[in-house]
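The block underneath contains the structure these notes are about, expressed in structure tokens.
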Amino acid sequence: MFKQLLPYLRLMKPWAWLLGTGIALQLIALASSIGLMALSGWFLSASALAGLSIATAQTFNYLLPSAGVRFFALSRTATRYGERLVTHDATFRLLSRLRRHVYEKLEPLSPAQLQRHGESELMTRLTADVDALDGLYLRVLAPSIVALLGIVVCGVVIGVFAPAIGMFAALALLLSGLLGPWLAWRAGRPHSDAWQQDNTRLRARLLERLNGLSELMIYNRWQGEVDHLIKGEHARDAHEYQLARQWGSSQLLSQALLGLTLTGVLGMAGWAVTHHGMSPVLVALMGLAVMGAFEAIALLPQAWQHLGRIQRAAARLDDIQAHIPETDFPDAGEQQMPEGTRLSIDDLSVRFDAGVAAVSSLSLAVEEGEHLLILGPSGSGKTTLFNTLIRFVSPSGGSITLGGAPLNRLCEATLRAQFTVAQQETHLFAASYRDNLTMGRAIDDDEIMAVLDALALGDWLAHQPDGLSGFPDERGSSLSGGQLRRFGIARTLLRQAPIVLLDEPTEGLDEATEQQVWNTIRDYCRGRTLIVITHRLTQLEYFDRIAMFDDGRLVEHDTPDRLLAETDSRLATLYRRIDPELAGLMRSA
Amino acid sequence: MASNETPRQWLQRTARRGARWSRLSVIAGTLSTLILLVQAWCIATIAQRMVIEGADFSSLVVPLLLLPPAFILRGLMVRARTICGARGGIEIRQSVRRELLERIAVLGPLWARRQHSATLSNRVWDQVDALQGFYADYRPQMLLCGIIPVIILVAVAPLSWAAALILIATGPLIPMNMAMVGIGAKKRQEDQFLEMGRMSRHFLDTLQGLSTLKLFDVSKRQAKEVHATSEGFRRRTMRVLRLAFLSSTVLEFFASVSIALLALYLGFVYLGQFHFGMYDHGINLFIGLFILILAPEFYQPLRDLGVHYHAKAEAEAAAEDLMPILNRRVFERDTGQPPWQPEGSLKLSLEGLTARYAGRSSAALEDVTLDLRANEMLAVIGPSGAGKSTLLNVLMGFMHPEAGTINVTDGDQPPRALTDIRPDDWQHQIAWVGQSAVIVSGTLADNLRLANAQADDAALLDALEQAALHHWLAGLPDGLETQLGEGGRAVSGGQARRIALARAFLRDARLVLLDEPTASLDQASERLVMEALARLCRSRTVVLLTHRMELLALADRVLMLDQGRVQALDTLDALRAPGGPLARPAATDMSEMRDV
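These protein sequence lines map, in sequence, to chains E and X.
If you're matching positions, the first sequence starts at 25 in our numbering and goes up one per residue.
If you're matching positions, the second sequence starts at 12 in our numbering and goes up one per residue.
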């Protein structure tokens, strides 16, 4: 059950000394706490007993115990401060390591497959999971070890005077610290899972409904949606309430067991005093030592609660790694270098988990410097072909060669250097616009400005108070949808690579801008291979060749002239299907 | 609803919604302290009888028997506190969330779109959840910080004034010292909280941009970046924490020192060294131990409060995000207009219409005057930002023009100003097909009846046929009863758009508004949607926004907007005639193909 946590425990190795120091300091702080209360109790009892007669009062050595009390008071304060600093520093060091570890685990996974798993939601959850894993040492490991050792300390303090009572105290404290939280942890799991499920579902639903707000309001249905969401929330919160109840009950159980432990210790101590001649001044010491150990035990329930969260987080991370394939690249030394950039696709098939073929038996060659337009309805396999070229998905059959070398024989750096790609979605990083455009390479501002101007983003940039050094605001609202797409194209065109892949570069742009964007793309791609995906009949004549896709297959490919001239080609048929009235309009133009 | 309310004031005001549970939670916490007095009595009594009185074991039976029930009772109180706190938090959250959702309708879709739906849903969902810790834990604990120390003082003072004095002397020093260390520490804790959030966001940003990083071949290098950013965060945070922990250390210091002082004071009293601080009855071991056991509890509430500090910071950040939504002033429309139920076709005349978005200097629509003829299909074109969507929003009643009038003529009836028509009556006459059609979870029939709750099955089937969905319907296992949306059958973009069209047919509205009804559809879907549109618009007044030439050919007239002003309004042919604004060189090259 704790196997999932092993890799994370291993991550801690380099800082073992730091983590150990943290725990040691925590333990000293706890021991000081127990010592302060127990010694004070003993001191009171002993001095009260001595004070009964003047003679004993005067011979009572109060120097040592009073120095002890002061020492514990100060050591408790000082170690508490040191302990906090050390454990937090250790936690943050682990955190850096952990984030890097998780990143390195995710980096080789197929991005296309990640996207299919609902990337945005997945990543948000993942970040929350990593935040939860951060707590493994600070919230689970350290308090548990300290509580266990604290119980031992308490047992020893009592056991020095009465071994049997010490043993009983330690065992009973252990039971009271573990039983309640453990039961709550077990009983709570189904509720936590149900809560998580409801939460994800309701969040998604809310987002979907907010997107359709206009329509829902026109049809007078928003109130109904509100009621539905609130009803769903009530169901989700019912689980949360159940968890709170279980939690309360486990606290009750712990308290009851602690009460019994204390009663047992005091009863046994009383019995030992009256029947076995134990010194009566030890009774208060024993009672107060048990109460001092409560402090450590009080940390255990929280630790268990966090443990549950951390285990779920670790399980989800494992799950992602198990379900999303990695892409293997050969090392730089073992790769086969491509000669030229001719792309040759031979009998390619791509299949996703469900067994549905996204691309089947596709054969196509793209010459160096050729401009190819891929046309086809949405879902016809165009984007999957792109993803296969950049090895975001692996083919289930057939092969692709680049400059004569099989694609999977290129090392990652070589492959990436061949392609510059604009995907449909443009991710804007929380970095300056400049960094977002250069992506870590040195490009001078003039060159950047030139491409932004050419893509009709010059006006937009002129309105940015900090120009290229400005940051997109955290909600990404500083670029409209159409602007963001052009920004993505700018970033792609700025990168020098022999093959340019653009996925629906002009969707959602008005005509004038669209024309300008096309001109810019052509300008920047002169002499490079260009492959563009679109589902609109547009700009055909500017391409050397057009490939028509449908249902994962290549239907036809040829020069635009020839395809249009051929009466039963798919492209020509599409034109003929157009409304006669519109066709007339075309002629009149 | 003061606009200058601080997040803290808002949190306080909102607390009233769960006041009952919060009160119960505080009562349970108070009772739990009272039970502690019993526990302390038991332990002190046992010691007194054993040590001082040398009594027989049988004299211990009463306190020993009292201890377990006292602990169980205390446990029950802790349980009650946890449950009531959680319950209060849940109720407040539910109430705030309902208010937010209802508020969104009042503020309108236009406002909602400006917020970005992801941001808005984050507020309505996650930010509201972020209030839980504050109401469930922090706030009750804060109240207990004022109650528990007083109870302990009241219990200790009659036994020894010197002991009470030690507590009083160190007690108020704590808030004072905390304030002094301090004033900075609170700010620093907030900074740390901010840093923490920034760190998470940086990591999320990196993960979400992973495919972009790969494409630019910097993803391997980024691992170092992730580590470096995190280390930078650690150094900054540790600087903050070194000082921030001082304030809790001060608390710790006073708690420890006062226990030590009490123990020493009491010990010296017993040994006859001290003779002050007590009343006539003196101080015996019982009193001493009783005080000693209670002393840590005097400081405990404040220490617990520190544990929940992050909940407070989180809630204040959330409140800051939520308040602008809840406190935003809205344009109140009167609803006393007489009912309106048009019989014939609608004619609209817009005169001098000017509309502006809040906070913008330039108008989105400026002095727009035009007639929309009965049963006419008017296409609206123009570059993005020309005012096309604004026009639609004004027509739907989601945006209120700052100047100008819209008059509506129903057949031969005299014209009536749009402001004299109840919003509900008006919206009832509108059918709308936007860029993304809503599919609600439910059956296909439920989805269609959104537009017309009274429609019978025959009408639904007819509407589906009109929208060219009958072939799709034939393939559905449960026909009209097929479940769509969440957990049901997936609906493609093209199908959703046609379901929206079917709704428009069912609605039988006089005015149809279309916003890029064919955007991002594949060719086959686009074809079907266009055919359906042609049927839908036959006997209705239609306004159509589009970038696409192929749709323009369906329109009777075309309105060209630019920067909020009417640039031209005429038939497509006239606009395309030589010299017209849409005229093009008479080319037959294939660049014209896209106009098909």
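Each residue gets a CB set at the ideal place from its N, CA and C atoms; glycine is no exception.
Rounded Cβ spacing between residue i and residue j (contact assumed at less than 8 Å)
i, j, result
"A507(X)", "A448(X)", "4 Å"
"W206(E)", "W328(E)", "7 Å"
"L276(E)", "R34(X)", "The Cβ separation is near 21 Å, so there is no contact."
"L570(X)", "L381(X)", "7 Å"
"R515(E)", "N432(E)", "Contact flag wrong, Cβ pair sits at about 27 Å."
"L157(E)", "I369(E)", "That belief does not hold up - the Cβ atoms of L157(E) and I369(E) are roughly 42 Å apart, past 8 Å."
Chain X contact for residue i (CB, 8 Å cutoff)
i, result
"I254(E)", "yes"
"Q345(E)", "no"
"S64(E)", "yes"
"H24(E)", "With chain E covering only 25 through 613, there is no way to say anything about residue 24(E)."
"V305(E)", "yes"
"F67(E)", "yes"
"W295(E)", "yes"
"S77(E)", "no"
"A536(E)", "yes"
"P529(E)", "no"
"P135(E)", "yes"
Amino acids of chain X, ordered along the chain, whose beta-carbon sits closer than 8 Å to that of residue i
i, result
"H487(E)", "Residues of chain X passing the Cβ test: none, with the nearest at roughly 12 Å."
"A280(E)", "P79, F82, I83 and G86"
"H258(E)", "Q105"
"I45(E)", "In the sequence as displayed, the identity of residue 45(E) is Thr instead of Ile. The contacting residues do not exist; T45(E) stays about 15 Å from chain X at best."
Chain E contact for residue i (CB, 8 Å cutoff)
i, result
"E242(X)", "yes"
"W443(X)", "yes"
"Q574(X)", "no"
"V607(X)", "With a pLDDT of 26 at V607(X), under the threshold of 50, the predicted position of this residue should be treated as unreliable, and no value is reported."
"G193(X)", "Unreliable placement is indicated for G193(X), whose pLDDT of 47 sits below 50; no coordinate value is reported for it."
"V62(X)", "yes"
"F301(X)", "no"
"V523(X)", "no"
Extent of the continuous alpha helix (DSSP H) to which residue i belongs
i, result
"V318(X)", "L296 to V318"
"S120(E)", "L87 to L130"
"G482(E)", "G482 to A486"
"R568(X)", "First-last for R568(X): R568 to D573, but that is the beta strand (DSSP E), not the alpha helix (DSSP H)."
"W271(E)", "W246 to H300"
"V89(X)", "V72 to Q126"
"F573(E)", "From DSSP, F573(E) is part of no alpha helix (DSSP H) but of the beta strand (DSSP E) over R569 to D574."
"V307(E)", "L306 to I321"
Closer than 7 Å at the beta carbon, the chain X residues around residue i
i, result
"R124(E)", "A234, V237 and H238"
"M36(E)", "Chain X residues near M36(E): none, gap ~15 Å exceeds 7 Å."
"V93(E)", "A271, A274 and L275"
Continuous beta strand (DSSP E) stretch holding residue i: start and end
i, result
"K358(X)", "L357 to A366"
"M473(E)", "Unbroken run through M473(E) is the alpha helix (DSSP H), D469 to A478; no beta strand (DSSP E)."
"I398(E)", "H395 to L399"
"D526(X)", "L522 to D526"
"L525(E)", "I523 to D527"
"A446(E)", "F443 to A446"
"Q578(X)", "R576 to D581"
Neighbour flag for residue i against chain C, beta carbons, 8 Å
i, result
"W136(X)", "The question asks about chain C, but that chain is absent: this structure's protein chains are E and X."
Interface partners of residue i on chain X, CB under 9 Å
i, result
"F353(E)", "By Cβ distance, chain X contributes nothing, its closest Cβ being about 11 Å from F353(E), past 9 Å."
8 Å Cβ cut-off: residues of chain E touching residue i
i, result
"V229(X)", "M463 and G464"
"V89(X)", "G272, Q275, L276 and Q279"
"Q352(X)", "What Q352(X) touches in chain E: nothing, since even the nearest Cβ is about 16 Å away."
Chain E contacts made by the region 144 to 158 of chain X, where a contact means CB separation under 7 Å: Within the region 144 to 158 of chain X, no residue qualifies.
Within 9 Å of chain X by C-beta, residues of the region 221 to 247 of chain E in sequence order: N223, R225, L226, R227, A228, R229, L230, L231, E232, R233, L234, N235, G236, L237, S238, E239, L240, M241, I242, Y243, N244, R245, W246 and Q247
Short-range partners of chain E found in the region 266 to 288 of chain X, where Cβ spacing is below 7 Å: S267, V268, I270, A271, A274, L275, L277, G278, Y281, L282 and G283
Contacting positions in the region 97 to 109 of chain E - beta carbon closer than 8 Å to chain X: Those would be A97, L98, R100, T101, R104, Y105, R108 and L109, in chain order.
Contact set between the region 371 to 387 of chain X and chain E, restricted to residues whose Cβ is under 9 Å from the partner: none
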